[in-house]
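Step one of this worksheet: look at the structure below.
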Amino acid sequence: MPHPHLMIERHPAGYRWLRLARPERRNALDVSLMTAVRDAIGPNPRRPCCWAARTGGCSAPGPT
């Protein structure tokens, strides 16, 4: 199920962009967003993906 704060874009070269879009919380990860990221990576974590903050320009590593 899609998460409202995680945008997944597939690039023709075969990698995926995982973009956080939660600027009001400085893109902090909560349990549901971490679960969505894990699910987006899927069963094959060796498949290339890029992680970025979509808006807000920063990420907070701690809890929300």
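Going by our numbering, the letters in the sequence shown line up with residues 1400 to 1463, in that order. The C-beta atom is built at its ideal place from N, Cα and C for all residues, glycine as well. Computed from a predicted structure; not experimentally measured.
Is the beta carbon of residue j closer than 7 Å to that of residue i?
{"i": "Met1433", "j": "Arg1418", "result": "no"}
Quick check on residue i: does DSSP put it in helix, strand or coil?
{"i": "Leu1428", "result": "coil"}
{"i": "Ala1420", "result": "coil"}
{"i": "Ala1439", "result": "helix"}
At the level of alpha carbons, what is the spacing between residue i and residue j?
{"i": "Cys1448", "j": "Glu1423", "result": "24 Å"}
{"i": "His1410", "j": "Trp1416", "result": "8 Å"}
{"i": "Asp1438", "j": "His1402", "result": "10 Å"}
{"i": "Asn1426", "j": "Ala1435", "result": "14 Å"}
{"i": "Arg1421", "j": "Arg1445", "result": "26 Å"}
{"i": "Ala1412", "j": "Ile1440", "result": "16 Å"}
{"i": "Trp1450", "j": "Leu1428", "result": "13 Å"}
{"i": "His1404", "j": "Val1430", "result": "12 Å"}
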